[in-house]
Amino acid sequence: MSDKNSVSMEKIVTLAKQRGFVYAGSSIYGGLANAWDFGPLGAQMRMNLKADWWKQVVESRSDMVGLDGAILMNPRVWEASGHVAGFSDPLVEDTVTHKRYRADHLIEEATGESVDGWSIDQIGEKLSELELKSPDGNPLTAPKSFNLMFETAIGKTEGTKSSVYLRPETAQAIFVNFKNVLTTSRKRVPFGIAQIGKAFRNEITPGNFIFRTLEFEQMEIEYFIEEEGWEKHFDDWADWMQNWAESIGIDPKRLHRLEVPSESLAHYSKRTIDFEFDFPFGTKELWGLAYRTDFDLTNHQENSGENLSYTDPNDGKRKFVPHVVEPSLGVDRTLLAMLLSAYDEEEVNGDTRVVMRFKPHMAPYQIAVLPLSKKPELQAAAQPVFEKLAAHWRTDYDETQSIGRRYRRQDEIGTPYCVTVDFDSIEDKAVTIRDRDSMEQERVAIDELEAWFEDRLK
Ligand code: GAP
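Heads up: the sequence shown is residues 788 to 1245, going by this note's numbering.
Encoded structure:
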């Protein structure tokens, strides 16, 4: 096995494109910077990981329910949440090339010190003091605050248009529906609401493939609790995140917890830990876990005039605004961490074999049915095998090229098992199953195939 940490982004990006995980967006028109489309295998893996997350956090728990809120919300939501006033990054521009940069990142790179929590004036003073130039060596403009929300307009004619934002986080739909869910679901605190959906941020410096994009997908939970004892819920969710990461094949050796220092906390958070992952371009945030206190519900209560307090069912008089612990996970970064964790290269008979060692429940295909050749009698024997298996598991069917090349292709897309139908299969009603990781082969009767896979592909 190779040292997995040494896999370069180039290799992952190339494999992702060639095998159909991720394509450059709008590529026939020359692309659109930092926009990506997910091909057949990427789309399937996203489905697998979202379905597993939903099963674990909604379907398997009596204290959790799901929600699917709208992307466009009343703009007052974003005033109450603090995003209109505070969801911004300090931007500077190269006065010659007009390329834009994050001023905080330039200072951090030059000094090694974090400037989180600094005002725009403090950042400006520091830039002048350091006499910082752009990476191209040109003078920079003074920094200004750049709000990350995408603004768009509803309405057909100028003058009748009204501004709305594309949501920068899915979380707010959960807060504004807190009362709806409470009254319709009969849940009692502590309970949580989970949601999966697209979010949009006009990032100043997007990049690193699907790591930081303008459009991305989040899986978020707001877990409503009493203030007292929030630490226990926080720790429980941190453990859950760690365990889920490992269960979907994220390399635990590359996953670290960072206690976010108080000066770097988001405007709503009293405590945050980032789950960081060792990406080839550095150790960076994969997911976040925040204790958002009662910040959001209190602000929505004040701004909407709607009473968002909760009445303790054991003591009908005691009312309080619940606090929340928020596990927030990006689908795209999760997929990237899964690709990087799964990538492996090994020498086999003087050749390099590339294997994506995905967990079987996350792999795009779990089985590939491969007739030895395109001969009609083999197709006739292989088709019923495919249908039998595809009824239960994600199954590929491929009959072109040599069997050796087809095995290599299935290794590269991470299919755990290949089922080869050969001329003997017609007589002995058996097939050969090849294991992706060990490359060992086993002859199994067609009648016993479902039972064989049931034991292995739960
Ligand atoms: N509701 C809390 C929240 O949105 P965040 O740390 O800003 O917190 C949560 O985002 C997660 O969303 C991140 O940990 C990351 O996985 C993902 N994410 C955030 N910005 C992203 C971007 N521009 N591109 C891809 N994923 C992003």
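Glycine residues also receive a C-beta, built at the ideal position from the N, C-alpha and C atoms.
Buried or exposed: where does residue i fall if 16 or more other Cβ atoms within 10 Å of its Cβ makes it buried?
| i | result |
| --- | --- |
| Y1194 | buried |
| I1037 | buried |
| V1135 | exposed |
| Q1005 | buried |
| M788 | In this prediction, M788 scores a pLDDT of 46, lower than 50, which makes its location untrustworthy; the coordinate-derived value is nonetheless stated afterwards. With fewer than 16 other Cβ atoms within 10 Å, it is exposed. |
| Q1153 | buried |
| N967 | exposed |
| P1048 | exposed |
| S847 | exposed |
| Q1088 | buried |
| M936 | buried |
| E918 | exposed |
| F1066 | buried |
| M832 | buried |
Would DSSP call residue i helix, strand or coil?
| i | result |
| --- | --- |
| P1114 | strand |
| Q805 | helix |
| S1034 | helix |
| A981 | strand |
| P1158 | strand |
| W1180 | coil |
| T1121 | helix |
| Y1130 | strand |
| H1043 | strand |
| Q1228 | strand |
| V1108 | coil |
| G812 | coil |
| T882 | coil |
| E918 | coil |
| L828 | helix |
Do you know whose CA, among the options, lies nearest residue i's CA?
| i | options | result |
| --- | --- | --- |
| L802 | Q1197, E1235, T882 and A958 | Q1197 |
| I961 | P993, V864 and K943 | V864 |
| E990 | R1223, F1003 and A981 | F1003 |
| A1129 | G1137, V1142 and V1118 | V1142 |
| G853 | N861, G1016, K842 and P862 | K842 |
| F987 | R999, V1108, L1084 and K920 | R999 |
Just the C-alpha distance for residue i and residue j, rounded to the nearest angstrom, thanks.
| i | j | result |
| --- | --- | --- |
| R1120 | I997 | 7 Å |
| Y1010 | G807 | 36 Å |
| G1014 | R1192 | Reading the sequence as shown, one finds Glu at residue 1014 and not Gly. The alpha-carbon atoms of E1014 and R1192 are separated by roughly 59 Å. |
| K798 | V809 | 13 Å |
| Y1078 | H1020 | 9 Å |
| F1210 | E1241 | 26 Å |
| E895 | L914 | 11 Å |
| A867 | D1061 | 25 Å |
| L1176 | R889 | 51 Å |
| T992 | N821 | 10 Å |
| S1034 | L927 | 46 Å |
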